Amino acid sequence: MLKKFMNKIRKNSLKDKNFEYLFNEPPKDEYVCLDCETTGLNPKKDEILSIGAVIIKKNKILMRDTLNIFVKPSKGINSASIKIHQIRPVDLENASEPKEAIFKLLEFIGNRPIIGYYIKFDIAIISKYTKEYIGISLPNHQIEVSSMYFKTIKRRSEYEFVDLKFDTIMKELDIPELGKHDALNDALMTSMIFLKLKDKAPANTTFYTG
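Sequential numbering from 1 applies to the sequence shown in full-length UniProt numbering.
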């Protein structure tokens, strides 16, 4: 009830009614898995440098439906952050303007639920842009794969530690590692995590976190 009320408020706040489709009922058994590479870990002040996304439909990753965009930052990127995301200034020479990139992303996502690893960060930083361009934060349902993994682990007590690092989850699920710190590769690996866990989670588990 609360979510419906909040979505009604968001829908009324849209600057452009062409984006009302974001509030439509999502298609059955379709998801989008996405990942962002950013200048830092503060969504309020940092910027998106690249976005990778793939569509999952009926337990299959649609490799023909991928999105891989470099995004032009408002200022130069520092050498410390390059060591983390490995995106160099030369990689951004033909990057898209932020508004163009975000609109392409919204068109790609549609009203599908969004899957990710610590997806709240990605949603928060994307929403910084969508609030500016269309007046609202991203309204799509969110599915957190680390939460899915946690719910499948059998623990001897509720206090037992569970390692939720991305590398650990990949290793435990025997998923091949693609190139790291590449938004599209990260989205693909996260998609494989989701598909491995989708049928393992308890029957009463809800995947939606937002």
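The C-beta atom is built at its ideal place from N, Cα and C for all residues, glycine as well.
The structure presented is a predicted model; accordingly, all values stated were derived computationally and were not measured.
Given that a residue counts as buried once 16 or more other Cβ atoms are within 10 Å of its Cβ, and exposed if not, what is residue i?
i    : result
P113 : buried
A53  : buried
A187 : buried
Y159 : exposed
E177 : exposed
S79  : exposed
L62  : exposed
Using only alpha-carbon positions, find the residue among the options that is nearest to residue i.
i           : options                   : result
T66         : I193, K3 and E107         : E107
A6          : S127, K200, P139 and K17  : Residue identity check: residue 6 is Met in the sequence provided, not Ala. The shortest C-alpha separation from M6 is found at P139.
D96         : I55, M63, A124 and I48    : Just to set this straight, residue 96 is Ser in the shown sequence, not Asp. Looking at the Cα atoms, I48 is the closest of the given residues.
residue 213 : D174, F103, L178 and T152 : The shown model of the chain, from 1 to 210, leaves out residue 213, and the question about it has no answer.
L173        : K196, I109, K151 and Y118 : K196
I115        : E37, M192 and D199        : M192
V145        : K60, L164, I84 and P73    : L164
K4          : F23, K17, M170 and D16    : F23
L92         : I119, I109, P73 and L105  : P73
S56         : K131, I169, K75 and K28   : What sits at residue 56 in the sequence shown is Ile, not Ser. The residue with the shortest Cα to Cα distance from I56 is K28.
Here's a check: name, in chain order, each residue in its chain whose Cβ is nearer than 6 angstroms to the Cβ of residue i, leaving out the five neighbours to either side.
i    : result
A101 : I69 and V71
K17  : none
K8   : none
Leaving out five residues before and five after residue i in sequence, what residues of the same chain have Cβ atoms less than 8 angstroms from its Cβ?
i   : result
L14 : E20, I134, G135 and I136
Which same chain residues, not among the five before or five after residue i, have their C-beta less than 7 angstroms away from its C-beta?
i    : result
G179 : N185
Does the pairing of the stretch 124–131 with the stretch 39–47 give three or more beta-carbon distances under 8 angstroms?
-> Touching, yes.
Which runs of the beta strand (DSSP E) spanning at least 3 residues fall entirely within the stretch 89–119, listed in chain order?
-> 114–116
In the stretch 130–197, which residue ranges form an unbroken beta strand (DSSP E) of at least 3 residues, counting only runs that do not cross its ends?
-> 142–144
Entirely within the stretch 60–93 and at least 3 residues each: give me those beta strand (DSSP E) ranges in chain order.
-> 60–70
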